[in-house]
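Novice:
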Amino acid sequence: MSVAVEGVRGSRPGALARAFRFAGHHVLTAYAALAFAYLLVPIAIVVLFSFNHPKGRFNYIWEGFTLDNWRHWNAYEELTSAMKISLEIGAISSVAATALGTLIALALVRYGFRGRGATNLFIFLPMSTPEIVLGASLLALFLNLRFATGFLTILIAHIMFNVSYVVVTVKARLVGFDRHLEEAAMDLGANEWTTFRKVTLPLIAPGILAAALLAFALSVDDFVITYFNSGSTTTFPLFVWGAAARGAPPQVNVMGTVIFVVALSLMAINILLQRRREGRAPP
Amino acid sequence: MAFLHRHRWLTPYLLLAPGVAWLAVFFAVPMGFLAYQSLQAGTFEFGYSFSWAWINYWDAIDRYHEQLIRSFLYAGLATLIALVVSYPLVYWIASRGGRWKNLFLLAIIAPFFVTYLIRTLAWQTILADNGVVLDTMRTLGLVGDDFRFLATSTAVVAGITYNFFPFMALPLYVSLEQIDHRLIEAAQDLYASRLQAFLRVTLPLSLPGIFAGTLLTFIPAAGDFINAQLLGSPRQTMIGNVIQSKFLQLIDYPAAAALSFVLMGAILVAVGLYARALGTEKLTG
Amino acid sequence: MTETLTRRDLLERAALGGVALSLPGFLAACGGGGKSSSGGKKELADKLRFSNWQLYIDRDPKTKKIPSLEEFRQKTGVKVAYFEDITDNAILFGKIQRPLSQGEGVGRDIIVMTDNTRFPGLLISKGWVEKLDKDAIPNIKNLQPALAHPSFDPNREYSLPWQSYLTGIASNTQLTGGKPVTSVDVLLEDPKYKGKVTLLTEMADTISLVMQANGDDPTKVDDASFEKAIKRIQKAVDSGQIRGFTGNEYTAPLAKGDLACCFSWSGDVVQLVPSNKNLTWNLPDSGGDIATDNMLIPTGGDVFTVSTLMNFVYDPKIAAQISVGCSYISPVKGVKEEAAKIDPKSLENPLIFPDEETLSNVVIFDAEAARNQDYIGKWQALLGA
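Chains as they are written, first to last, in the numbering used here: chain R, 23 to 305; chain U, 8 to 292; chain X, 5 to 389.
1) Whole-angstrom Cβ separation of R:T151 and R:A234, contact assumed at under 8 Å?
2) Along chain R, in chain order, which residues have C-beta atoms closer than 9 Å to that of X:P103?
3) For a test of the three-state rule: what should DSSP assign to R:A270, helix, strand or coil?
4) What in chain X is Cβ-close to R:G264, meaning under 7 Å?
5) Assuming X:F76 and X:F54 make a contact with CB atoms under 8 Å, what is their CB distance in whole Å?
6) Any idea what DSSP makes of X:V110, helix, strand or coil?
7) So with CB distances below 9 Å, who are the chain U contacts of X:A373?
8) DSSP three-state call for X:M299: helix, strand or coil?
9) Quick one: does R:D200 have its CB under 9 Å from some CB of chain U?
10) Please name the residues in the segment 230-246 of chain U whose beta-carbon is closer than 7 Å to at least one beta-carbon of chain X, in chain order.
11) Can you give me the Cβ contacts of R:I293 inside the same chain, cut-off strictly under 8 Å, excluding the 5 residues immediately before and after it?
12) Distance check for R:P271 and R:D243, CA to CA, integer angstroms please.
13) Residues of chain X with CB under 8 Å from U:L255, in chain order?
14) Take U:G49 as the anchor and find which of U:L280, U:A235, U:L257, U:L285 has the nearest alpha-carbon.
15) Starting from the Cα of R:L165, find the closest Cα among X:F156, X:Q106, X:Q58, X:A152 and give me that residue.
16) If R:V248 and R:A179 are in contact, beta carbons under 8 Å, what's the gap, nearest whole angstrom?
17) Roughly how many whole angstroms lie between the Cα atoms of X:S331 and U:S58?
18) Quick one: does R:R268 have its CB under 9 Å from some CB of chain X?
19) Leaving out five residues before and five after U:R126 in sequence, what residues of the same chain have Cβ atoms less than 8 Å from its Cβ?
20) Who are the neighbours of R:K77 on chain X, taking C-beta pairs under 7 Å?
21) Does the beta-carbon of R:I67 have 16 or more other beta-carbons within 10 angstroms, so that it is buried, or is it exposed?
22) With a threshold of 7 Å on Cβ separation, who are the neighbours of X:L213 within its own chain once the five nearest residues in sequence on each side are excluded?
23) On the three-state DSSP scale, how would you describe R:W95?
24) Look at the alpha carbon of U:A101 and the alpha carbon of R:M289, and state the distance between them as a whole number of angstroms.
25) Name the chain X residues whose beta carbon is nearer than 8 Å to that of U:D136?
26) Which chain U residues are close to R:T191, counting only those with a beta carbon under 7 Å from its beta carbon?
27) Pick out the complete alpha helix (DSSP H) segments inside the segment 69-134 of chain X, 4 residues or longer, and give them in chain order.
28) From the DSSP output, read off the bridge partner residues of X:Y169.
29) Quick one: residues in its chain with C-beta nearer than 6 Å to the C-beta of U:A35, no 5 flanking neighbours on either side, listed in chain order?
30) Establish whether the CB of R:I178 and some CB of chain X are separated by less than 9 Å.
31) Could you tell me which residues DSSP puts in a beta bridge with U:W99?
32) Would you report the Cα separation of X:D306 and X:S327, rounded to the nearest angstrom?
33) Using the DSSP secondary-structure output, state which residues sit across from X:V367 in a beta bridge.
34) List, in order along the chain, the chain U residues whose C-beta lies closer than 8 Å to that of R:T248?
35) Run through DSSP, which three-state label would X:T202 get?
36) Does DSSP put R:N213 in a helix, a strand or coil?
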């Protein structure tokens, strides 16, 4: 390697080396900026086209700015009810999956027991199975049990695939958890349940919250597994799928934007709160 | 509570029970049913019957190996591109992000919060034959008049890459963020250049992240069918499209079920080989 | 010597053509297959759930409302929830066969399926559709005689036609040099349109057109002619000429300019013109096809209310409104006179009132071929599955 490029520390690099370093330093930042742009441009398009005033049935070409779509966000009954169903399923499945998953995470991290490794693997399996297989196998189950597909089966499916994600998220938080705090609490006379309630739970709450949010997002967003198990119930993604063929109304973009903004804000709030909490905690 | 005190060993099992039971009933059992279905024979009109029809598996591989190979190719490409694109980005966040690291991460996950389908449809708009991007490229003379993005493998791979990007970026970030900077300083103290420090310290230490990210991206991508359907033409059919069509339109359950297991088997083999090559057995969790 | 077909002849042929299709349907109808649930229930429901194909009703392009359904509501108080969620017969069937096979409803009171597929006959033979309440449909007497006894439902116990349609080629003249494409050969093989062409997922419609371009007769399909058509389409797919196979989904790409020309159904393009002025529709030079879509009541649908709606749309005045509104062919007698009152120009529109020339240029797909499992398998393999 040429001497011009920085080598040994302590010696003063030449001008060329300095230039290289300047460029290198900022190339990475420039790249990062480009990468962020790439990630966010499609979202910008989605948001942008929610303000579009399409001439015909199709919302593909920018015609003009309008607030009509936002004002009449519920103009399409089918869309609004699909959205409602998605939110309901999202909420219920998120709560259920978070509960089930948190318990599993607690067991896996804090207790050594027979079958721990196998359980770990078992929990990981749904995440590593292609969604199409998950959806199809559930369909096979419901078919064989002659169980009607619809709202309930979608709910069951969503809870199922969410549990794994909750476990992984909460575990990450639990693993970094300092058990000395619990020991201290118990030294001070608290029993296990009180300790859990007043020390452990508040401290892992952000992780549980993050897991719940993740589960909610995954549920509202899910298409493939829902597609197989929905019967005649329509969720938001299913509506978008069907509508894409015949020209999705701009209201789809409106709702997509709302979900995006709300989810993003919640996550951002969670992060900011976390930072404040960490700022206040003793070093 | 006293009962639990006396039988402490029970506690983990009690904690596990509800969740694991749910997964057992709604994940493991369905897989069993799928396996059962894959060994059935018959048609929709006249009904199916279980008959150890292993030939379904052979048929699946025989008739659809083209789509299988194509799916792995697309998924592999997408994973590779995601890795190459996200690594510098994530490296930047980990080393220069400072106090705003988490918010930058949020920006990476942000696309995730717009429904999968809507994001893919947005790409349909962006890459449209008469859309802004192609018009500009044509005006600039970068491409010929009859060049197009949509309904090509490029569009499909690009779509897959975009849609699974966070799955690569996040594990990578986690692993990069945990690298102790002092190790890099030590390497430089020992006269390594920045590049050498990166190649011999950072990169190997980020291998678990690369491994996890690759898995989390490749596996779902291999079974995807939405990108192929919305951004591709019949020549880009992936195995996911075939499975979907066999289940929901042709109603050929045995073939579809067999195909599903062939897909999973192929993924397992690919992942196993990959793990061997990388030399790590550590999976997430 | 080409014989000129009258519209009557043509539709009669459709009805009689499918002998193989008829047997299960016929036996089922004879043996009283299919549930009859209208016994005693003569109350109108508040709501009807109607699933249909896109662009198949008189929807006002500006207000987006459907006048005929609005009138129905004013007259009877029944609100019709109208879903344009059918794009392909096979996809619809795949969706509904699960619950239907378990005796469950599908969340719809009316579905619409095409008679050149095996599905209406299949639904009837499996007993998955309800019998119509003919007492509530006195206007059934207005049904065109040629459509009154189709092979899959000889006594019209389970179905009534909604509209008939023609399959042809839609063109975006801005992309096809100012003139519409009227040759299937051009569509399939002209490299100018590589990757800007789609075909229909409906086997009967697409194969009819391609076979005629090959010089074969789709009313009498045999292995050789079918194979020839399949091979030709496969070649076009492999060369990248064909962008995809669609149900109604060609409408968006066509309007957007992603497609130069495609196989399409007659009335769609008329309704797409507000989105893109350069769209036109033509029958192929070598010939198109004609078929009829039928209303069916899946298990659990409200028979009496649906029958009331059917009666309503079989009033010539309403039938004319719908037919002129979506530019398709009405199955109801006496529509011509009513249509003259709504829009005199519609009488000359071959899409709504096909003339001799148009009729001589379309065929009805061989019904037995539509049911042939081997052909269906080959077709599905072509579609990529």
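We put the CB at the ideal spot given by N, CA and C, even for glycine.
Specialist: The relevant details are as follows:
1) The pair is not a contact, with the Cβ atoms about 23 Å apart (cut-off 8 Å).
2) Those are A170, T171, G172, G253, S254, listed as they occur along chain R.
3) Reduced to three states, the DSSP call for R:A270 is coil.
4) Think of a sphere of 7 Å around the beta carbon of R:G264: the chain X residues whose beta carbon falls inside it are D89, in chain order.
5) That pair is no contact at about 10 Å.
6) X:V110 falls in the coil class under three-state DSSP.
7) Result: empty, since nearest Cβ-Cβ is about 16 Å, beyond 9 Å.
8) The three-state secondary structure of X:M299, taken from DSSP, is strand.
9) Not an interface residue.
10) Within the segment 230-246 of chain U, the residues whose Cβ lies closer than 7 Å to some Cβ of chain X are S240, P241, R242, T244, listed in chain order.
11) Once the five neighbours on either side are set aside, R:I293 has no close Cβ partner at all.
12) Going from the Cα of R:D243 to the Cα of R:P271 covers about 18 Å.
13) Within chain X, the residues near U:L255 are I95, G98, K99.
14) Here the closest residue by C-alpha is U:L257.
15) Out of X:F156, X:Q106, X:Q58, X:A152, X:Q106 has the C-alpha closest to the C-alpha of R:L165.
16) The residue you asked about is not Val; residue 248 of chain R is Thr in the sequence shown. Between R:A179 and R:T248 the Cβ distance is about 7 Å, and since that is below 8 Å, they are a contact.
17) Taking the straight line from one Cα to the other gives about 52 Å.
18) So yes, R:R268 belongs to the interface.
19) Same-chain partners within the cutoff: P118, Y169, N170.
20) Contact note: R:K77 reaches chain X through P278, S279, using a C-beta cutoff of 7 Å and chain order.
21) With 16 or more Cβ atoms within 10 Å of its Cβ, R:I67 is classed as buried.
22) Beyond the five residues adjoining it in sequence on each side, X:L213 comes within less than 7 Å, by CB distance, of T171, V188, F267, P288, G292, D293 in the same chain, given in chain order.
23) Note: R:W95 maps to coil in three-state DSSP.
24) Distance between the alpha carbons of U:A101 and R:M289 is about 19 Å.
25) Against U:D136, the close residues of chain X are K200, K260, G261, D262, in the order they occur along the chain (beta-carbon pairs closer than 8 Å).
26) Think of a sphere of 7 Å around the beta carbon of R:T191: no beta carbon from chain U falls inside it, the nearest being about 11 Å out.
27) The qualifying runs are 71-80, 93-105, 123-129.
28) As computed with DSSP, X:Y169 is found in a beta bridge with X:A295.
29) Apart from the 5 residues on each side of it in sequence, U:A35 has no Cβ closer than 6 Å to any other Cβ in its chain.
30) False, the Cβ-Cβ gap to chain X never drops below 9 Å.
31) Per DSSP, U:W99 has no beta bridge partner at all.
32) Cα to Cα, X:D306 sits roughly 25 Å from X:S327.
33) Answer is X:D293.
34) Going along chain U, no residue has its Cβ under 8 Å from R:T248, so there is no contact; the nearest lies around 11 Å.
35) In the three-state DSSP reduction, X:T202 falls in the strand class (E or B).
36) Looking at R:N213 - three-state DSSP - the assignment turns out to be coil, as it is neither helix nor strand.
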